[in-house]
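Asks:
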Amino acid sequence: MILIDGFLRSRLKPSEPSSSVWNWTMVVKMSWFDRFFSSTGADENRWIVLDVETSGLDPYRDRLLAIAALAIQVDHAKQKITLDLSDSFEAVLRQDEVSDKDNILLHGIGAHAQRSGQDPVLVLSQFRDWVGNSPLFAFHAAFDEAMIQRAYQYFVGKKIKNLWIDIEPLAAASYPQIKARTLDQWMAYFGIQCAVRHQAAADTFATAELLMQIWPQLRPLASNCRALSHLARQSRWIPRT
353 MILIDGFLRS
363 RLKPSEPSSS
373 VWNWTMVVKM
383 SWFDRFFSST
393 GADENRWIVL
403 DVETSGLDPY
413 RDRLLAIAAL
423 AIQVDHAKQK
433 ITLDLSDSFE
443 AVLRQDEVSD
453 KDNILLHGIG
463 AHAQRSGQDP
473 VLVLSQFRDW
483 VGNSPLFAFH
493 AAFDEAMIQR
503 AYQYFVGKKI
513 KNLWIDIEPL
523 AAASYPQIKA
533 RTLDQWMAYF
543 GIQCAVRHQA
553 AADTFATAEL
563 LMQIWPQLRP
573 LASNCRALSH
583 LARQSRWIPR
593 T
């Protein structure tokens, strides 16, 4: 597992431009009305880009293994966004049951790292405090949101109320002529390099870079959180093929 601090430092080099089975019965299904009115007033000056690692791809059965996140500072006067490398979060949640070998090969969080991770309640409390009221951006955010919110419901007893915004439809709205769907396809289009895909720290940095790349085209379409959230919802139906 690449720690986010070490990963970011490597990107700044001059040479480089039960309790074991989660018995969740609650299914995270938030309507547009619920999303809009349950979110607190979003921090317009600090946005959070995040990625998660999980024990699988089923948002209703699999477990949250790790969270990595980076802050983006928003200068509305200059209409500029800046990645703040000093403002980041990363944690592995302790697991009573280790994920299977194929899953470990995908994200690199081994059995020892899973068993020796941090207390999930502590991680989620620290993440909530670090995030504050910042909006949460992710690529295909519905999956990240489902995994994080179910973890909060299970371990803490209540979900966080931050605004969630999906970067994928924002990229599609900004560049409708590009028929990309996956993060890898958008990375290839913009020439974004990612040292190790499918690891939370690296994927978070790549996703943040994507948001930075599309911002000049995105800003005239939507420049604040509510407008971005609305645009993301409206742009889900843009043809990608």
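For the sequence shown, position 208 (counting from the first letter as 1) is numbered 560 according to my numbering, and the numbering increases by one without interruption. Note that CB positions come from ideal geometry on N, CA and C, so glycine has one too. Because the structure is a prediction, the values reported are computed rather than measured.
Scan the segment 398 to 464 and note each continuous alpha helix (DSSP H) run of 4 residues or more that stays entirely inside, going in chain order.
Replies: For the segment 398 to 464, whole alpha helix (DSSP H) runs of length 4 or above, ordered along the chain, are 453 to 459.
Asks: Is it buried or exposed, ALA498, if we count other Cβ atoms within 10 angstroms and call 16 or more buried?
Replies: It is buried - the Cβ of ALA498 has at least 16 other Cβ atoms within 10 Å.
Asks: So ALA423 and ASP439 are in contact, right, with Cβ under 8 Å, and what is the actual spacing, rounded?
Replies: Yes, they are in contact, since the Cβ atoms of ALA423 and ASP439 sit about 4 Å apart, within 8 Å.
Asks: So GLU442 and ALA463 are supposed to be a Cβ contact under 8 Å. How far apart are they, rounded?
Replies: Their Cβ separation, rounded to whole angstroms, is 19 Å, which puts GLU442 and ALA463 out of contact at 8 Å.
Asks: Is it buried or exposed, ILE590, if we count other Cβ atoms within 10 angstroms and call 16 or more buried?
Replies: Answer is exposed; the Cβ neighbour count stays below 16.
Asks: Which residues in the same chain as GLN586 place their Cβ atom closer than 6 Å to its Cβ, once the five residues preceding and following it in sequence are excluded?
Replies: Here the set comprises nothing.
Asks: For ARG578, I'd like the list of residues in its chain whose CB is within less than 6 Å of its CB, leaving aside the five on either flank, ordered along the chain.
Replies: For ARG578, where only same-chain residues beyond five positions count, there are no Cβ hits under 6 Å.
Asks: With DSSP as the reference, label ALA490 as helix, strand or coil.
Replies: Strand.
Asks: Looking only at its chain, what residues have a beta carbon closer than 7 Å to the beta carbon of ASP410, apart from the 5 residues adjacent to it on each side?
Replies: Around ASP410: no qualifying Cβ.
Asks: Mapping the DSSP letters down to three states, classify MET378 as helix, strand or coil.
Replies: With a pLDDT of 36 at MET378, under the threshold of 50, the predicted position of this residue should be treated as unreliable, though the coordinate-derived value follows. Coil, per DSSP.
Asks: If you drop the 5 nearest sequence neighbours on each side, which residues of the same chain put their C-beta closer than 6 Å to that of ALA493?
Replies: Hits under 6 Å: TRP516 and ASP518.
Asks: Pull up the distance between the alpha-carbon of LEU437 and that of GLU561, whole angstroms please.
Replies: Taking the straight line from one Cα to the other gives about 12 Å.
Asks: Please list the terminal residues of the continuous beta strand (DSSP E) segment that includes ASP518.
Replies: Run containing ASP518: 516 to 518, per the beta strand (DSSP E) assignment.
Asks: Between the beta-carbon of GLY484 and the beta-carbon of ASP395, is there less than 8 Å?
Replies: Yes, Cβ-Cβ distance for GLY484 and ASP395 is below 8 Å.
Asks: Starting from PHE557, follow the alpha helix (DSSP H) in both directions and report where the run begins and ends.
Replies: Its alpha helix (DSSP H) spans residues 552 to 570.
Asks: Applying the 10 Å Cβ sphere with the 16-neighbour rule, what's the burial state of ALA540?
Replies: Its Cβ having fewer than 16 others within 10 Å, ALA540 is exposed.
Asks: If distances are taken between C-alpha atoms only, which option among ARG533, LEU522 and GLU405 comes closest to ARG571?
Replies: The residue with the shortest Cα to Cα distance from ARG571 is LEU522.
Asks: Out of SER407, ALA525 and GLY460, point me to the one whose CA is closest to GLN447's CA.
Replies: Closest by alpha carbon: SER407.
Asks: Look up GLN466 in the DSSP assignment and say whether it is helix, strand or coil.
Replies: Note: GLN466 maps to helix in three-state DSSP.
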